[in-house]
Amino acid sequence: MADIEGAKDTKDFYLDVPFENQAFFLRGSGALDWGMQNRLARIFNPASGRTVMLAIDHGYFQGPTTGLERVDVSILPLLPHTNALMLTRGILRTTIPSTFSQGIVLRASGGPSILKELSNEQIALDIDDAIRLNACAMAVQVFIGGEFETQSIHNLTRLVDAGLRYGVITLGVTAVGKTMVRDAKYFRLACRICAELGAQIVKTYYVPEGFETITASCPVPVVMAGGKKLPELEALTMAYRAVSEGAAGVDMGRNIFQADAPVAMIQAVGKVVHELMKPEPAYDLYQTLKHETAGVRS
Ligand code: R5P
Numbered sequence: 462m463a464d465i466e467g468a469k470d471t472k473d474f475y476l477d478v479p480f481e482n483q484a485f486f487l488r489g490s491g492a493l494d495w496g497m498q499n500r501l502a503r504i505f506n507p508a509s510g511r512t513v514m515l516a517i518d519h520g521y522f523q524g525p526t527t528g529l530e531r532v533d534v535s536i537l538p539l540l541p542h543t544n545a546l547m548l549t550r551g552i553l554r555t556t557i558p559s560t561f562s563q564g565i566v567l568r569a570s571g572g573p574s575i576l577k578e579l580s581n582e583q584i585a586l587d588i589d590d591a592i593r594l595n596a597c598a599m600a601v602q603v604f605i606g607g608e609f610e611t612q613s614i615h616n617l618t619r620l621v622d623a624g625l626r627y628g629v630i631t632l633g634v635t636a637v638g639k640t641m642v643r644d645a646k647y648f649r650l651a652c653r654i655c656a657e658l659g660a661q662i663v664k665t666y667y668v669p670e671g672f673e674t675i676t677a678s679c680p681v682p683v684v685m686a687g688g689k690k691l692p693e694l695e696a697l698t699m700a701y702r703a704v705s706e707g708a709a710g711v712d713m714g715r716n717i718f719q720a721d722a723p724v725a726m727i728q729a730v731g732k733v734v735h736e737l738m739k740p741e742p743a744y745d746l747y748q749t750l751k752h753e754t755a756g757v758r759s
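The numbering of the sequence shown is the numbering used here, which starts it at 462 and goes up by one.
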């Protein structure tokens with residue numbers, strides 16, 4: 462029996478204080494259940510409404526990518542500076558400490574390697590395992606205009622259905638084939654299709670012309686994909702433009718872990734994303750941190 466000694470009789474029901482209904486902070490997410498919102502709040506920082514997601518899932522189709530040869534050496538020092546980590550279950554189980562408490566976004570599609578037709582992906586993760594690993598989201602590639610467009614869309618919708626059943630978020634990644642034109646018109650189409658078919662987050666590439674029309678016409682948060690390695694100032698400029706033009710953060714890989722100083726780079730990206738620090742001061746910060754962290758293997 463509970464100890465009731467000293468229990469007070471007087472109670473205060475704050476009858477003059479109306480119950481406060483709080484709106485959820487992310488675009489298009491207000492109607493989601495508590496568990497899904499909670500998972501989103503572990504990916505996106507509720508204070509800024511944005512995320513620095515670190516993408517290290519490249520090995521699922523291209524093996525030991527430059528910078529990811531030894532995830533234990535190169536990536537673990539970056540973890541304190543991420544809001545979320547996008548990766549495969551193989552790397553998660555083998556290499557990431559289970560004390561990692563930020564969002565986990567699991568690669569959930571796969572199949573072909575770089576030696577084959579990349580759009581020929583299938584679902585490569587069971588929802589049971591995503592839950593077992595306490596994942597916040599499952600990431601699936603969607604190849605609009607690609608050879609296996611319909612199959613990749615069905616991968617997305619099946620994961621969305623499974624995710625809704627158990628409260629796990631689905632992130633649609635707009636993949637572009639080598640021959641596809643990367644412009645706002647294409648990405649508006651691809652992002653909107655992902656959101657219409659149920660993705661709760663969309664990842665897409667930055668385009669210099671009309672990126673704001675992509676974010677404006679997508680009813681769920683859009684995160685900017687990093688893409689190929691750029692000089693650090695250019696990568697910070699791209700991230701700044703993307704968040705200024707409506708992106709809810711970034712999901713960057715090579716532009717962070719292939720930087721000269723990855724620990725410094727991810728912190729500079731964080732300043733840009735969460736505090737809208739301009740690219741030049743962010744680059745100055747990168748240089749300062751780079752010298753401070755000299756000696757950390759990059
Ligand atoms: C594939 O297309 C994946 O999503 C990548 O493996 C990864 O997320 C790409 O990251 P980044 O282009 O920033 O290196």
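We put the CB at the ideal spot given by N, CA and C, even for glycine.
Tell me, to the nearest whole angstrom, how far the beta carbon of residue i is from that of residue j; I am working on the premise that it is less than 8 Å.
| i | j | result |
| --- | --- | --- |
| G671 | R715 | Incorrect: roughly 24 Å between the Cβ atoms, too far for contact. |
| V730 | A700 | 6 Å |
| M514 | M547 | 6 Å |
| G606 | S613 | With 8 Å as the limit, G606 and S613 do not qualify as a contact, their Cβ atoms being about 11 Å apart. |
| E582 | S570 | 5 Å |
Does at least one heavy atom of the ligand R5P sit under 7 Å from the Cβ of residue i?
| i | result |
| --- | --- |
| V668 | no |
| D518 | yes |
| G687 | yes |
| G572 | no |
| M713 | yes |
| M497 | no |
| N616 | no |
| M699 | no |
For residue i, which residues of its own chain have a beta-carbon under 8 Å away from its beta-carbon, when the five flanking residues on both sides are left out?
| i | result |
| --- | --- |
| R758 | In this prediction, R758 has a pLDDT of 48, which is less than 50 and means its spatial position is unreliable; nothing more can be read from the coordinates. |
| L617 | V601, V603, T631, G633, C655, L658, G659 and A660 |
| G467 | none |
| I588 | M599, L620, A623, G624, R626, Y627 and V629 |
| M685 | K664, T665, Y666, Y667, M699, A700, A703, V704, A708, G710, V711, D712 and M713 |
| S490 | M497, Q498, L501, Q661, V681 and P682 |
Considering only their Cβ atoms, is the gap separating residue j from residue i smaller than 8 Å?
| i | j | result |
| --- | --- | --- |
| A743 | L697 | yes |
| V681 | G707 | no |
| G520 | T549 | yes |
| L579 | F522 | yes |
Sorted by chain position, which residues of the same chain lie with C-beta nearer than 6 Å to residue i's C-beta, five sequence neighbours on each side aside?
| i | result |
| --- | --- |
| D773 | Nothing about residue 773 can be read from this structure; the chain reaches only from 462 to 759. |
| A720 | E693 and M726 |
| I504 | T512, A545, G564 and C597 |
| R488 | P682 |
Can you give me the Cβ contacts of residue i inside the same chain, cut-off strictly under 7 Å, excluding the 5 residues immediately before and after it?
| i | result |
| --- | --- |
| K472 | none |
| K751 | D721, A722 and A725 |
| T754 | A722, V724 and A725 |
| T556 | V532 and D533 |
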